Amino acid sequence: MTTDEATLTSARARPALWRDAKIRGIAYQVVFVAAVAGFIALIVHNAIANIGRQNIATGFGFLHREAAFGIGESLIEYSPADTYARALLVGLTNTLHVAALGIVLATILGTLMGLARLSSNWLVAKLARVYVEIFRNIPLALQLFFWWGLLDKMAPGPRQAWQILPDVFVSNRGIIYPVPLSNPAYKWVVAALGIGVVAAIGLHRWAKRCQAATGRQFPTGWVALALIIGLPAAVFLGFGAPARLDVPVLKGFNFSGGDAVSPEFAALLIGLVVYTGTFICEIVRAGILAVNWGQSEAAMALGLRSSQRMRLVVLPQALRVIVPPLTSQYLGLTKASSLAVIIGFPDLVSVANTTMNQTGQAIEGITVIMAVYLSLSLAISLAMNVYNRAVALVER
Numbered sequence: 031m032t033t034d035e036a037t038l039t040s041a042r043a044r045p046a047l048w049r050d051a052k053i054r055g056i057a058y059q060v061v062f063v064a065a066v067a068g069f070i071a072l073i074v075h076n077a078i079a080n081i082g083r084q085n086i087a088t089g090f091g092f093l094h095r096e097a098a099f100g101i102g103e104s105l106i107e108y109s110p111a112d113t114y115a116r117a118l119l120v121g122l123t124n125t126l127h128v129a130a131l132g133i134v135l136a137t138i139l140g141t142l143m144g145l146a147r148l149s150s151n152w153l154v155a156k157l158a159r160v161y162v163e164i165f166r167n168i169p170l171a172l173q174l175f176f177w178w179g180l181l182d183k184m185a186p187g188p189r190q191a192w193q194i195l196p197d198v199f200v201s202n203r204g205i206i207y208p209v210p211l212s213n214p215a216y217k218w219v220v221a222a223l224g225i226g227v228v229a230a231i232g233l234h235r236w237a238k239r240c241q242a243a244t245g246r247q248f249p250t251g252w253v254a255l256a257l258i259i260g261l262p263a264a265v266f267l268g269f270g271a272p273a274r275l276d277v278p279v280l281k282g283f284n285f286s287g288g289d290a291v292s293p294e295f296a297a298l299l300i301g302l303v304v305y306t307g308t309f310i311c312e313i314v315r316a317g318i319l320a321v322n323w324g325q326s327e328a329a330m331a332l333g334l335r336s337s338q339r340m341r342l343v344v345l346p347q348a349l350r351v352i353v354p355p356l357t358s359q360y361l362g363l364t365k366a367s368s369l370a371v372i373i374g375f376p377d378l379v380s381v382a383n384t385t386m387n388q389t390g391q392a393i394e395g396i397t398v399i400m401a402v403y404l405s406l407s408l409a410i411s412l413a414m415n416v417y418n419r420a421v422a423l424v425e426r
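Note that the numbering used here has the sequence shown beginning at 31, numbered continuously upward.
This is how it looks when you write it as structure tokens:
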């Protein structure tokens, strides 16, 4: 065979490039990325052209201008003379406040209801199921309107306020409750609580290593409880137990003393907690049911009590199923807090809307909102992924 014939045969043996699946896949990806980049470039070009044609200012320089509008609720000091950046910070702190409280309370409510659904008590199980079926199937926006209407429109005035607990009142001005009077001892109590929590975590890790090495169990629960509760209590008693409260008292047309949360904040928090709690309830129930019943039977055969069986055998295995969907619920609650705008609570979205209406810089305002919620979502996801790896069962 001549050289020319060998070259021709080799060329015929090699398939065409467009028939190579790997090369074809790379080409498709390059075309797709180029199409997306071209589409984004077209949108940006049109936006810049339209903004220039209408003489709309661009950039984030407006953040340093005076806001000139008030905000009804703020965890930090704010006045209309502050800048737009300060106003947005107020909205962000309000969003973080309601999201953090909502995540904690929804987790507690959902866990309790999940355990209630598995209860052997017929009435408790059915009541938990009714709660889930009702509040899970009503849109969150409607629930927020319901709670807001109940607290703001249907609640009586301060003179006829509902007293739901001793010195705790509900009126159309909000929920009023007593608070401790300021005392230097409380700072040391909080510090003692922090030390107790850190010590309890360290004790738990030491006990796990000790059990793995020797097989002996250490009463971690009781000792941790003593550290977390007993240490702050000892500090509190050491300062003479300064337990004086600033109690709300009706004076004239409103209450004086104590502290209060607005109907808007209370409605938003209750709505988020009750709605998200239904999904967490089902997640907890599914996670526990996913653990093979043989695990519980083996724990009972070893003589473990029901509380020990749940804490040492069932929950560590159930967490593998519970944590990933629980992360989605935390993300959903945080993003759903943006519905606060429909009932007038000044969260980030509400403050940003006011800012955009006054400045006309909608693109920058929406960019701020997107960046904040993206950052919050990534932070929550990161924290939950770290926790998921920490509680994951390690196979030997």
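Note that beta-carbon positions come from the ideal geometry of N, C-alpha and C, so glycine has one too. These figures come from a predicted structure and were not determined experimentally.
Contact check, residue i vs residue j, beta carbons under 7 angstroms
i	j	result
V162	T308	yes
L181	P293	yes
I231	V291	no
L3	L363	Because the chain spans 31 through 426 in this model, residue 3 falls outside it and cannot be assessed.
L378	G121	yes
A146	A158	yes
M400	T357	no
I410	I352	no
A222	P262	yes
Y207	V200	no
V220	D289	no
A348	G324	no
A115	L135	no
V381	A117	yes
V265	W236	no
Backbone CA spacing between residue i and residue j [nearest angstrom]
i	j	result
M184	W192	11 angstroms
G89	E394	7 angstroms
N26	I78	Outside the shown range of the chain, which is 31 to 426, sits residue 26, and nothing can be said about it.
A95	S407	Correcting the residue identity first, residue 95 is Arg in this sequence and not Ala. Distance between the alpha carbons of R95 and S407 is about 29 angstroms.
F269	P278	25 angstroms
N213	V321	49 angstroms
V304	A366	13 angstroms
A328	P272	50 angstroms
G333	P249	16 angstroms
I168	R315	21 angstroms
R189	D276	19 angstroms
S104	L131	16 angstroms
R341	F165	29 angstroms
S149	W252	25 angstroms
T137	V61	45 angstroms
L211	G390	45 angstroms
G144	I310	8 angstroms
A243	V344	22 angstroms
R419	S326	24 angstroms
V402	V128	15 angstroms
P186	R203	9 angstroms
R335	Q247	14 angstroms
V74	N80	10 angstroms
G287	A370	27 angstroms
A87	Q173	39 angstroms
F69	L412	31 angstroms
A64	A51	20 angstroms
R239	Q338	19 angstroms
I396	N76	17 angstroms
P346	G282	55 angstroms
P196	S368	33 angstroms
I194	L280	15 angstroms
F285	I106	23 angstroms
A67	Q59	12 angstroms
Cβ-Cβ separation, residue j to residue i (assumed contact under 8 angstroms), whole Å
i	j	result
F175	I373	7 angstroms
P376	I53	Their Cβ separation, rounded to whole angstroms, is 56 angstroms, which puts P376 and I53 out of contact at 8 angstroms.
T113	A97	6 angstroms
Y360	I133	5 angstroms
A422	R350	7 angstroms
Any C-beta of chain B under 7 angstroms from that of residue i
i	result
D182	Checking the listed chains, one finds no chain B in this structure; it contains a single protein chain.
(message) Going residue by residue through the segment 162–199, where are the continuous alpha helix (DSSP H) segments of at least 4 residues, counting only ones entirely within it?
(response) 170–178
(message) Just to confirm the assignment: which complete alpha helix (DSSP H) runs, minimum length 4, are found wholly within the segment 325–408?
(response) Correct list: 345–366, 378–389.
(request) Could you name each continuous beta strand (DSSP E) segment of 3 residues or more that falls completely within the segment 93–126, going from the start of the chain to the end? (result) Entirely contained in the segment 93–126, not one beta strand (DSSP E) run reaches 3 residues.
(message) Does the structure place the segment 247–258 close enough to the segment 220–236 that three or more beta carbon pairs sit under 8 angstroms?
(response) yes
(message) Whether or not the segment 107–125 and the segment 385–392 are in contact is what I'm after, with contact meaning three or more pairs of Cβ atoms, one per stretch, closer than 8 angstroms; do they touch?
(response) yes
(request) Please list the segments of the beta strand (DSSP E) lying wholly inside the segment 235–301, counting only runs of 3 or more residues, in order along the chain. (result) 279–281, 284–286, 289–291
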